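Residue numbers (the numbering used here): 5 to 72.
Comments concern the structure below.
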Amino acid sequence: MKAISLQDVWLNYKIAFKENGRVISEGLSALKAISLSVEEGESVCMIGENGAGKTSLLKIVAGMLKPD
Numbered sequence: 005m006k007a008i009s010l011q012d013v014w015l016n017y018k019i020a021f022k023e024n025g026r027v028i029s030e031g032l033s034a035l036k037a038i039s040l041s042v043e044e045g046e047s048v049c050m051i052g053e054n055g056a057g058k059t060s061l062l063k064i065v066a067g068m069l070k071p072d
C-alpha cells in the first residue's frame, strides 16, 4: 500500500522586486514535474543543493503548500 504518491507535481512562485524604481515580477519554478511513490514501511532520503526544492517538496507532502 502506498503511503505517499505524487504524480507530475509542479510548484511555481511569483517574485516581485524593485529595479530602477519599477516593480518587476518574475516567475520561479521550485519544482518541475516531480513524481514520487513511497510504500508503507519504506524510508526516503532527499539530497540536493541549496535551492533544489527539498523543503518545498516536504511542505507539499505535509499539506502546507498546494502544488500547481
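C-beta: ideal position from N, C-alpha, C; glycine also.
These figures come from a predicted structure and were not determined experimentally.
Ignore the nearest five residues each way along the sequence and tell me which others in residue i's own chain have a CB closer than 8 Å to its CB.
i	result
residue 9	40, 41, 42
residue 5	43, 44
Applying the criterion that 16 or more other CB atoms from any shown protein chain within 10 Å of the CB defines a buried residue, is residue i buried or exposed?
i	result
residue 60	buried
residue 64	buried
If you draw a straight line from the C-alpha of residue i to the C-alpha of residue j, how long is it?
i	j	result
residue 48	residue 38	15 Å
residue 53	residue 62	15 Å
residue 14	residue 51	19 Å
residue 11	residue 21	32 Å
residue 7	residue 46	9 Å
residue 66	residue 28	32 Å
residue 69	residue 16	11 Å
Here's a check: name, in chain order, each residue in its chain whose Cβ is nearer than 7 Å to the Cβ of residue i, leaving out the five neighbours to either side.
i	result
residue 57	34, 35
residue 71	13, 14, 15, 64
As a quick exercise: from the options, pick the residue whose alpha carbon is nearest that of residue i.
i	options	result
residue 31	24, 25, 18	18
What residues are listed by DSSP as bridge partners for residue i?
i	result
residue 20	29
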